[in-house]
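First the structure, in the form of structure tokens, and then the observations on it.
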Amino acid sequence: MKLHCEVEVINRVHSSLNIRSNAKYLRSTLALGKEPKNVQEYFILHFSSVNKNGTKYKVKCMKQVFVKCLNEGRLPNISELYLSNNSLGLNKNSDWQWLLGLKISKKLKLLDLRENKIINLPKDIWKLQNLVTLKIDKNSLYKLPTTLGRITTLRYLSVSENNLRTLPCSLIRCGLEHLDISSNNFKSEADAPKIADYTPWDIYINSLVHIAAKTVLKHKFFYAPNIIPKTLVELLDNSNMCVCGQAVLNDKYYVIKPFELIGFSISRHIVSNFVNKGSSVSVECFFCSPKCFVK
Ligand SMILES: [Zn+2]
């Protein structure tokens, strides 16, 4: 992982840093890196105008350092994050909250998560509301979050060399300019629940909570855990998207339908290793109403 940032050192316990005693802080630079001989070991290099060679500190938990920097607003203007080749997906219960905090989610424009052994992306990745470029090639994803299309700024999506069997229908609404889905697993039959087993009530209405939640999302009412229960926040955060762009609260009833690949990119720049460009791809579709279902 490479991350460079400017910091003000306010902890003056390290006498070796030669920080002026009469100064409140010293403008410094931190570089975070991996030991070339042991890829499991991380370090922080601290440079300043009085310590130009830098002092190296071993880091026990790089994630902790990184999260601390983000949470404390040390990286308020970070707009590009290159995190390729870091085995971020090795922990099956990965907590992605470090990525989805208020400050970073408003600024981040580019996220590079290539080669990280990731099996699942968090559903609330849509909170990265200014993300333009997402690179998640060479992971182990079998599906993309159905919420991904809620990132209306997303223009460049690269998910080659994963195990994707379907694409979420929300992506059609995104206005992507570039989509790379080469070397995935789209040819195999994808499983979907038998929708005929459910009533229209189950599929489109479900409960009064769902009806209310749809209204909140449709009108973009503000919500937060200090106003409504956390379970409702989660329900709203995880809402899916109908093929028409409206919110769909149910998580169980969907249909796998073939869609023309060309419909996913407004500039028609799609990279796939399908036999011809007119090929269709399996899409996981949610529906807000019977009208959308029959389309
Ligand atoms: Zn709809």
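Taking our numbering, I'd label the letters of the sequence shown as residues 108 to 402.
Yeah, the Cβ is synthetic: ideal placement off N, Cα and C, and Gly gets one too.
Does the beta-carbon of residue i, which I'm using as the reference point, lie nearer than 8 Å to any heavy atom of ligand 2?
i, result
"Ser396", "Looking at this structure, you won't find ligand 2 anywhere; what it does contain is ligand 1."
Helix, strand or coil, according to DSSP, for residue i in the structure here?
i, result
"His326", "coil"
"Ile318", "helix"
"Thr240", "strand"
"Thr254", "coil"
"Cys276", "helix"
"Thr162", "strand"
"Asp304", "helix"
"Tyr189", "strand"
"Ser212", "helix"
"Leu197", "coil"
"Asp219", "strand"
"Asp309", "helix"
"Asp231", "helix"
"Trp203", "coil"
"Phe173", "helix"
"Thr259", "coil"
Report whether the distance from the Cβ of residue i to the nearest heavy atom of ligand 1 is below 8 Å.
i, result
"Val82", "Because the chain spans 108 through 402 in this model, residue 82 falls outside it and cannot be assessed."
"Val401", "no"
"Gly352", "yes"
"Cys168", "no"
"Cys349", "yes"
Tell me the DSSP bridge mates of residue i?
i, result
"Ile363", "Glu391"
"Val355", "Asn347"
"Ser265", "Lys242 and Asp287"
"Val378", "Asp287"
"Ser372", "Leu283"
Just to check my reading of the structure: residue i and residue j have Cβ atoms closer than 8 Å, yes? What is that Cβ distance to the nearest angstrom?
i, j, result
"Phe394", "Ile279", "Incorrect: roughly 13 Å between the Cβ atoms, too far for contact."
"Asn198", "Glu222", "Not a contact, Cβ separation roughly 16 Å."
"Tyr249", "Leu271", "6 Å"
"Ser155", "Ser289", "The Cβ separation is near 46 Å, so there is no contact."
"Pro275", "Thr253", "4 Å"
"Leu218", "Leu235", "7 Å"
"Tyr330", "Leu343", "6 Å"
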